[in-house]
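Asker:
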Amino acid sequence: MSNSILVTRPNYDITTNYLYYWTEQIISFSQKRNITTYDLYGAKATRTNLESYNTKRRPKTIFLNGHGSSDVITGQDDEEIINNADKDLSRYQNCIFYARSCQSANNLGVTLVDHGASAFIGYTEDFIFFRNENYSTKPLKDPIAKHFLDPSNLVMTTLIKGNSVKEADKRSKRSMKNNFLKLLTSTSSTDEREIASFLWSNINAQVVIGDDRASIT
Amino acid sequence: MTINSDLQKIVVERLRRLPNHLQISIGNNSYTSQELVSSVREGTTLGQQIMGIQLDYLKDLASGKIYLDE
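Structure below.
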């Protein structure tokens, strides 16, 4: 198993487009730290590529972005790239997962850990973010989406720095909580205050399954 | 008047404050604030999900949980 990262980031609707661009920051961060990063972007985010890269490159960490459910995470154009019912989930033995996807911690995360994955960070409810439609063509500059996506990126940057899964989850939640409290303050505009309740949902839905002492190094 | 219909009114009023330029990505879709309001009023699956999120938040706000440290 190599000390590398495998990323999937489909890009075919407004939600995946935002995740696609926000994930670029993680790829740059990882590469600057000389960590080999396999980037399955856009049409490359397929089951075949995920399984092939995992088999041949044996990445320690897998960062999945995309739509999902309790059992499934999808890649480009809604292709199921990993499913709770897959017979060979033990192929991901010793991997650390972060799934920026809806609900996949309910079943898929549990099953992956049952089959030997070290840890799975994900969400038991839908991963939610608000965005300002005036920034649709420049997602990284969207100040509303930033409240939600910056803290989720922190999961990966904390892991890349060599910290444990537990620490990654903790720092991410602390960042969400800080943003949440900022949103509730009187200095926030009314619109920002109303989105705080949805950030609160993400805080409560983010969970760690498996060995929270696991780390990339 | 049931608790549910009271909650529905509260949630609708909260969502109506969201400006039109904000959209939410939730589940496999993206919605405008007006669509969120309609979904809650009509009691769709999305509307019920939004009601649940808001109810959890209001409970945690009332209990003070949101101000507790980790």
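Chains P and X supply the protein sequences, listed in that same order.
According to our numbering, the first sequence is numbered sequentially starting from 1335.
According to our numbering, the second sequence is numbered sequentially starting from -5.
Here a beta-carbon is modelled for each residue, glycine too, at the ideal position from N, C-alpha and C.
Quantities reported herein were computed from a predicted structural model and do not represent experimental measurements.
1) Going along the chain, which residues of the region 2 to 21 of chain X sit with their C-beta nearer than 8 Å to a C-beta in chain P?
2) By the criterion of Cβ-Cβ separation under 7 Å, what are the contact partners of N1466 of chain P in chain X?
3) CA-CA distance, D72 of chain X and M45 of chain X?
4) Going by DSSP, name the residue or residues bridged to E1385 of chain P.
5) Using a Cβ-Cβ distance cut-off of 8 Å, determine whether T1491 of chain P contacts chain X.
6) Would you tell me roughly how many angstroms separate the C-alpha atoms of Y51 of chain X and Y61 of chain X, rounded to the nearest one?
7) Which residues does DSSP list as the beta-bridge partners of I1407 of chain P?
8) Give the DSSP-derived three-state secondary structure of I47 of chain X in the structure shown.
9) Starting from the Cα of Q1437 of chain P, find the closest Cα among P:A1451, P:L1374, P:T1458 and P:D1448 and give me that residue.
10) Within 8 Å of any Cβ in chain B, is that where the Cβ of S1435 of chain P sits?
11) With DSSP collapsed to three states, give me the class of T1491 of chain P.
12) Tell me the rounded alpha-carbon separation between R1343 of chain P and N1536 of chain P.
13) Kindly list the residues whose CB is nearer than 6 Å to the CB of F1454 of chain P, restricted to its own chain and excluding five residues on each side of it in sequence; keep chain order.
Answerer: Looking at the coordinates:
1) R8, L9, R11, L12, P13, H15, L16, Q17, I18, S19, I20 and G21
2) Reading the first sequence from its first residue, position 132 is the one you call residue 1466 of chain P. Simply H15 and L16.
3) Because chain X in this structure spans residues -5 to 64, residue 72 of chain X falls outside the shown range and cannot be described.
4) In the first sequence, counting from the first residue as 1, residue 1385 of chain P sits at position 51. DSSP lists no partner for E1385 of chain P.
5) Residue 1491 of chain P sits at position 157 when you count from the first residue of the first sequence. No, T1491 of chain P does not count as interfacial toward chain X.
6) The sequence position of residue 51 of chain X within the second sequence is 57, counting from 1. The sequence position of residue 61 of chain X within the second sequence is 67, counting from 1. Looking at the two C-alpha atoms, the distance is approximately 12 Å.
7) Translated into positions along the first sequence, residue 1407 of chain P becomes position 73. P:G1402 and P:I1416, per the DSSP bridge assignment.
8) On the second sequence, position 53 is the one that residue 47 of chain X refers to. Helix at I47 of chain X.
9) Position 103 of the first sequence, counted from the start, is the residue given in the question as residue 1437 of chain P. Comparing Cα positions, the closest option is P:T1458.
10) You won't find chain B in this structure, because its protein chains are P and X.
11) As a first step, residue 1491 of chain P must be located in the first sequence, where it is residue number 157. Here T1491 of chain P sits in helix by DSSP.
12) To locate residue 1343 of chain P, count along the first sequence from 1; it is residue 9. To locate residue 1536 of chain P, count along the first sequence from 1; it is residue 202. Using only the alpha carbons, I get a separation of about 20 Å.
13) Taking the first residue of the first sequence as 1, we reach residue 1454 of chain P at position 120. For F1454 of chain P, where only same-chain residues beyond five positions count, the Cβ hits under 6 Å are F1431, G1443, L1446, V1447, I1543 and G1544.
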